[in-house]
Amino acid sequence: MSAPRHLTEAVALGVSAALVFSAASGRAAQTAPDVDGLIAQMTLPEKIAMLYGATDPEHYGQAGYLPGVPRLGIPALRLTDGPAGVRTAQPATALPAPVALAATFSPDLAQSYGQVIGRDGRARHQNVILAPMVNIVRVPQGGRNFETLGEDPFLASRMVAAEVIGIQREGVIATVKHFALNNQENQRQSVSADVDEQTMHEIELPGFEGAVRAGVGAVMAAYNKVNGTYAAENPVLLGDVLRKTWGFNGFVMSDWGAAHSGDPSLTAGLDLEMPSGRNYASLGDAVASGQVSESAVNQAVRRILSSMQAAGLLAPVADARPAGEIPDASPVARDIAIAGAVLLKNDRQILPLSKTEDVAIIGPTARVLLVGGGGSARVPPMHAGSPFDALRQRAPTARLTYAIGDDVEGTTVPASALTLHRTRSTGGDAVVDPIVAFEGAAALAAGTSWTWTGTITAPATGDYMLKLQITGGRGSIAFEPPAAAGAPGGATGRGGRGGGRGAGATALLSTHDGFTNTNAPVHLEAGVAHPLTVTASANDTAPLQIRLAWLTPTSAADALAEAVRAGKAAHTVVVFAYDESQEGRDRASLSLPDNQDALIAAVAAVNPRTIVVLNNGAPILMPWADDVAAILQMWYPGQEGAEATAALLVGDASPGGRLPVTFPKRLEDAPTNPPDRYPGVNGHSAYSEGIYVGYRWYDQQQIAPLFAFGYGLSYTRFEYSALTVAPRGDGFDVTFDVRNTGTREGTDVPQVYVGRPAATPAPMAERQLVGFSRLTLSPGKAGRVTIHVGARELSYWSIVDHDWRVAVGQRTLLVGASSRDIRLKADVTVK
Ligand code: BGC
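All you need for this note's numbering is the position in the sequence shown, starting with 1, plus 6.
This is how it looks when you write it as C-alpha cells:
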C-alpha cells in the first residue's frame, strides 16, 4: 500500500466545501469581478493598504478591520473572534467552549456549531471569523486549552474540517489559528517551540491540514517562534507546509501584533498584518527602493481577494442576506452542551436525580452561569440563566437549598471601615460617602466620572480581598500598604477580556446581579488607616452602578461552614466547582482555585451522596474523586448551560460526551512536566517528548491517568461485539455491533485505535485514534458501526522521505470505549 498525500475524507470535505461556499452565498461566479482584473486597476498605495489592518469607522467592536477599496467596489472586511461565538460589542450566541464541542466527537455538531458562528457573524456585519483554533493540548495548564479541540490530531482534524465548512457555508471566511505550535500562553509572544519534523507533522499540524483540506479561507500565524523563527515569518510553515504541501490558496494573517518584520514576513508568506501596519505600512517604500517586488505585493493582495471572492464577498451585494437580528440558536447551543457533557463517575447510579429529591446546591457557578473562558474567545451572551433556577423549573417539587461555599462576591465594605470623600472629575465640592454602594435608584448618572479618596481601616489584621463591582461603566482601585508592608497594589475593572482571580484581575464570574467583579488582594493591619482611592466612570449611555465589597480573613471559613451545614442537612448535595481559564496566562497549577478542593472534601465528608458538577476548560486535579458519588464534567457550557445542566441532572437528557483530553492524577505525570519542555528555558520549549503527547505519553510511560482520553459514562450501558475487519480501498473497514444493554436511551462514542507493528520504522504510539462514531440507542437496541481506517491513519511521518509512509507489518485494530477501555481487537497485516 502506498502512502496517500492527502486525507481521503478531508479531500472529499474540501470539494464539498468549495461548492458550499458559492452555493450559500447564492452568487453566480460570472457576476463576481476577476481578481487579477481588480489588481490591475489598483494603485500601489491601495494594494499596500489591503495588507494591514485599520480602525473601523463603524465601531462594531470587533477585533480587526480592513477598509477595502471603495473606488473599485472592493468592500471593507471586518474580522471578529472567535472560537466560541461571535465577539463584538453586541451579544451573540455564546456556544459551549470548543473543548465541549470536541467532547461530542461529532463532526455533524461541529458543522452546526460553525453555522451558528457564521450566521451570527453575518448578522453582526462581520466577514471573517477568527476561528476555529486547533492547537493541540500539549500542556495541561495551558490557558487556552478550553478554546481548542483537544489533544488528539485525528479528532481535531475531523472536527475542525466540519466546523470550517459550517462557518463558510454562511458566506463568511473562517480562519484556522494559531499556525502553529502555540501550545502555551506564558511567554507566548516570544517562546520558541523547538520541535522535530515527525512530531510537528503527526501531532501539531493535522488539525491545520484538516481545515485547509476543508477549504478554509484564512490562516492566522501564531505569536511564538517555531525552531527559532517567528511563526509569522517562518518559511517552513508558511511556504513549504502550507502552500507547497497542502496547496493552500487563501491568505495568511498575523495574530494581533505577531508580525515582526516587513519584507521577510511578506516573502515568507504573511499576507496581512493585524491589527495595524506597524511593519507593513511601509512596504510601499520597500517597493519604491526595489527591496520588495511589486509582484510579491500583488501576490498577497491576490490571496486576500481570492478568499473574498470564494466567500462571495466581492460580488454585488443584492443577494446578500441582510445583517440584523441574531437568529435564535439556543437549541443548537443547548444540544451541544448536553452532547459534550462527560459523566466521569456515577456510583450507585446516583444520577439522574429524582425530581422530588431534597438537594443542597453549593457553589457560585450554580447561581451565576460560567458561560465561557476568558480572553478573545469570550462572547457577550444573548442571555444566561442560572443553573439553580433552571433546576427549580425542571423539578418544581424538589426541595432545593443554596449555599455559595466559595464566596466570590463578598459583602459591601461597612461604613465603620471607610472614610471616603467623593469628587466629580468636572470639579465641585467633595461629598462624604459612608460606603460605596450606588445601585438602582442611587446609580450615578451616565457620562459622569468620580473619584473616592480616603482610607480603609480593618477591625482585624489579615488578608482581605477588595472587590470592585460595577455595571454600566469601569473603574479601578489603588491601594497603598503602609510603607514597610510591600509594594502598592491595584486593580482595574473593565469587564473586558480579563479572567483570573489574581491581583487586579476581573473575575470571569460576574456577581449574581450581573456586576463585573474585580479583585484586589490587600493586607490590612487592625486599626491602621490605609490610604485608598477608587475611581470610576459611567458609560455615555448608561448610569454607573458600583459597589466596593470585601472578603475578610474569616469569610472563606464562614462560607465553607455554611455549605457543610447545608450539605449535611440535605439528602443529596450538588457542588458546582469551576476554574477560570483564560487567554494570555496559563494556570499556575491544575488545582481548583480558592478553597474549592477543601469545600468539596468537607461536604463529601458529611454527605456520601455528593455530586460534583465541573465548569472548567481543561484538566483539573480531583483529590476528592474517590470520596464523591458522581462527577459531571460540563466544561464552560455556553449561554444555554443552565438549561443543559439542569436537564442532565434530572435525567431529561443524558450526557453524551467523551474526554478529548487526558486528566492526569498529578501534574508531575504530564509529558510537559520537565521545565525545559514547559514553560521552557531561555526562551525555548523543547518538544522532547516527541509524538508522545496526551494519551500517547501516558501509554508509553505506563502511567495510569485519573480519567483517560475518550472516557465517559452514560446513564445506560453499552456492549460491543461481532468485530470484523475487511481490507477495502486504501485500508480496512472495521465493523462491529454496539448494543444498549441498560434501561435508558443513551449515546455512545465507540472508538477505533490502531497499534504499532513490532518493528517500528520510527517512534510510534502504543495505540492511536484512527476512527470514531457516535450513535444514540434505545434500551435493548443495537447498531452496526463501520469505520474505515485509511492509509493515512496507518502512516507515520518519515524524516527520511519527508512524507507520510505506511507502517507495514502485523498491527492490531482495537475497538474501545476509551483509549484505556479496549473491548475488541483484531490483528491485520498492513502491506
Ligand atoms: C489572539 C487571537 C485573536 C486576536 C484578535 C489575539 O491576542 O491570540 O486568537 O483572534 O487576539 O482578538
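No residue lacks a Cβ here, since even glycine has one placed at the ideal position from N, Cα and C. Quick caveat, the model's predicted, so the values are computed rather than measured.
Beta-carbon separation of V776 and V760 under 8 Å? yes
Please give me, in chain order, every unbroken run of the alpha helix (DSSP H) with length at least 4 that falls completely inside the stretch 369-396. 370-373
In chain order, each beta strand (DSSP E) run of at least 3 residues that lies wholly inside the stretch 536-561: 551-557
Just to confirm the assignment, what range does the beta strand (DSSP E) spanning S727 have? F724 to R734
First and last residue of the uninterrupted alpha helix (DSSP H) at V303: E300 to A316
My assumption, with CB atoms under 8 Å, is that S801 sits in contact with A768. Please give the rounded CB distance. Going by Cβ atoms, the distance from S801 to A768 rounds to 10 Å, so no, they are not a contact pair.
Looking at A69 and the ligand BGC, is the gap between the Cβ and the nearest heavy atom below 7 Å? yes
Rounded to whole angstroms, what's the CA-CA distance from R817 to P733? Just pull it up for me. 13 Å
Are the stretch 208-221 and the stretch 152-169 in contact at 8 Å, needing three or more beta carbon pairs? yes
Reference Y408; option with closest CA among G533, A569 and L357: A569
With a threshold of 7 Å, establish whether the CB of W382 neighbours any heavy atom of the ligand BGC. According to the sequence as given, residue 382 is Ser; it is not Trp. Yes, the beta carbon of S382 sits closer than 7 Å to at least one heavy atom of the ligand BGC.
Return the CA-CA distance between P402 and R373, expressed in angstroms with no decimal places. 17 Å
Inter-residue CB distance, A137 and A343 (contact presumed, cutoff 8 Å): With a Cβ gap of about 18 Å, A137 and A343 do not count as contacting.
Check whether the stretch 681-688 and the stretch 419-439 are in contact - that is, three or more C-beta pairs closer than 8 Å. no
Sequence-distant residues of the same chain with beta carbon closer than 7 Å to G296, five excluded per side: none
First and last residue of the beta strand (DSSP E) that includes G761? Q757 to G761
Nearest-angstrom Cα distance between R762 and E191? 33 Å
Are there 16 or more other CB atoms within 10 angstroms of the CB of G718, so buried, or fewer, so exposed? buried
So, are the CB atoms of A274 and E300 less than 8 Å apart? no
Own chain partners of G429 with C-beta closer than 6 Å, once the 5 adjacent residues on each side are dropped: For clarity, residue 429 is Thr in the given sequence; the question names Gly instead. Around T429: A436 and T457.
Out of L78, A90 and A109, state which residue places its alpha-carbon closest to the alpha-carbon of A100. A90
Distance between G67 and V442 (C-alpha atoms, nearest Å): 31 Å
Where V225 and G43 are concerned, what is the direct C-alpha to C-alpha distance, given to the nearest angstrom? 25 Å
Verify the contact flag: G686, CB atom, against every heavy atom of the ligand BGC, threshold strictly below 7 Å. no
What residue from A624, S431 and Q588 has the CA that sits closest to S543's CA? S431
Please report the distance separating the alpha-carbon of G796 from that of Y701. 21 Å
Exposed or buried, which one is R790 when buried takes at least 16 other CB atoms within 10 Å? exposed
So, helix, strand or coil for F152, using DSSP? helix
Check for me: the alpha helix (DSSP H) holding M165 runs from which residue to which? P159 to R175
With a cut-off of 8 Å on the beta carbons, I'd call A228 and A264 a contact; round off their distance for me. 7 Å
I'd like to confirm something about H65: is its beta-carbon nearer than 7 Å to some heavy atom of the ligand BGC, or not? no
Closest Cα partner of L78 within the set W641, A116 and T49: T49
For P527, report the span of its beta strand (DSSP E) as first-last. T522 to L530
What residue range does the beta strand (DSSP E) around D809 cover? D809 to V812
Other residues of its chain near Q36: CB distance less than 6 Å, five sequence neighbours each side excluded: Note that Q36 scores a pLDDT of 44, beneath 50, so its modelled location is shaky; the value from the coordinates is reported in the next line. Cβ neighbours of Q36 beyond the five flanking positions: none.
Beta-carbon contacts of P465 that lie in its chain and below 6 Å, excluding the five residues immediately before and after: none
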